[in-house]
Amino acid sequence: MFYSWDYGAIHFDALNSESPIDTAMFTDNEKKWLESDLASVDHAATPWSVAHFHRPLYCAKDDDCGKLLMKKGLEDVLMENKVDLAFVGHVHSYERTKPVYKYALNEDAPVYIMQVCIYIYIVYIVCVCIVYYSVCII
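Written out as structure tokens, the structure reads:
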């Protein structure tokens with residue numbers, strides 16, 4: 045499933061980078077849809093473009109994190125359509141890049157931010173509060 049929406053000055057694209065058997069996937073149908081969707085963005089009304097999907101294109105722990113997605117052209121579509129920011133997950137650690145395209149810095153490329161599961165932060169905050177403070181105000 046993939047879809048898009050606008051919120052204020054931001055155009056969002058929610059993408060599916062996962063297969064039913066927990067492997068990386070980016071279908072030709074999704075690629076065509078994304079190209080069409082991004083081509084229709086009114087940059088005067090929504091100057092910012094953000095994509096989010098599960099599998100990262102870049103990550104520090106695994107040098108082949110996004111190779112399949114890159115081979116399927118996801119990175120090219122994001123770059124060609126001037127996507128500013130991509131939120132990803134999967135690795136369960138926080139990482140961010142500078143603007144990068146094809147493993148090289150490029151000021152016109154998206155910035156990638158790998159988000160940590162919020163549940164981990166909630167458990168950590170609760171545990172720290174219980175152990176050190178006996179009570180916690182969040």
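Each residue of the sequence shown is one higher than the one before, starting from 45 at the first, in my numbering.
Glycine residues also receive a C-beta, built at the ideal position from the N, C-alpha and C atoms.
- Task: Using the DSSP secondary-structure output, state which residues sit across from Ile18 in a beta bridge.
- Result: What is shown of the chain runs 45 to 182, which leaves residue 18 out entirely.
- Got a sec, what are the start and stop residues for the beta strand (DSSP E) Leu59 sits in? Locating residue 59 in the sequence shown gives position 15, where the first residue counts as 1. Unbroken run through Leu59: none, as it is neither H nor E.
- Query: Taking buried to mean at least 16 other C-beta atoms within 10 Å of its own C-beta, is Arg140 buried or exposed?
  - Reply: Reading the sequence shown from its first residue, position 96 is the one you call residue 140. Exposed, by the Cβ-count rule.
- Query: Which class does Met158 belong to by DSSP, given the choice of helix, strand or coil?
  - Reply: Counting from 1 along the sequence shown, the entry for residue 158 is found at position 114. Reduced to three states, the DSSP call for Met158 is strand.
- Query: By the 10 Å Cβ neighbour count, where 16 or more other Cβ atoms means buried, how is Asp24 classified, buried or exposed?
  - Reply: One cannot answer for residue 24 here, as it falls past the ends of the chain, which runs 45 to 182.
- Message: If the criterion is Cβ atoms closer than 8 Å, does the pair Leu122 and Pro154 meet it?
- Response: For the purposes of this step, residue 122 is taken as the residue at position 78 of the sequence shown. For the purposes of this step, residue 154 is taken as the residue at position 110 of the sequence shown. Contact: yes.
- Anyone know if the C-beta pair for Val132 and Tyr156 falls short of 8 Å? By 1-based counting over the sequence shown, the position of residue 132 is 88. By 1-based counting over the sequence shown, the position of residue 156 is 112. Against a cut-off of 8 Å, the Cβ pair of Tyr156 and Val132 comes out as a contact.
- Task: Let me know the secondary structure DSSP gives Val132 once reduced to three states.
- Result: The sequence position of residue 132 within the sequence shown is 88, counting from 1. Here Val132 sits in strand by DSSP.
- So what does DSSP say about Glu151, is it helix, strand or coil? Numbered from its first residue, the sequence shown carries residue 151 at position 107. Looking at Glu151 - three-state DSSP - the assignment turns out to be coil, as it is neither helix nor strand.
- Task: Measure the C-alpha to C-alpha separation of Ser137 and Ala130 and round it to an integer number of angstroms.
- Result: Residue numbering aside, residue 137 sits at position 93 when the sequence shown is read from its first letter. Residue numbering aside, residue 130 sits at position 86 when the sequence shown is read from its first letter. Going from the Cα of Ser137 to the Cα of Ala130 covers about 15 Å.
- Alpha carbon to alpha carbon, how far is His98 from His134? Give it in angstroms, no decimals. The count along the sequence shown starts at 1 and reaches residue 134 at position 90. The count along the sequence shown starts at 1 and reaches residue 98 at position 54. Cα to Cα, His134 sits roughly 6 Å from His98.
- Message: Taking 8 Å as the threshold (beta carbon to beta carbon), is Cys109 in contact with chain D?
- Response: The chain labelled as chain D is not found in the depicted structure, where only one protein chain is given.
- Taking just the CA atoms, how far does Phe46 sit from Thr71? Numbered from its first residue, the sequence shown carries residue 71 at position 27. Numbered from its first residue, the sequence shown carries residue 46 at position 2. Distance between the alpha carbons of Thr71 and Phe46: 11 Å.
- Quick one: Cα of Asp120 to Cα of Phe56, how far? Taking the first residue of the sequence shown as 1, we reach residue 120 at position 76. Taking the first residue of the sequence shown as 1, we reach residue 56 at position 12. Roughly 17 Å separates the two Cα atoms.
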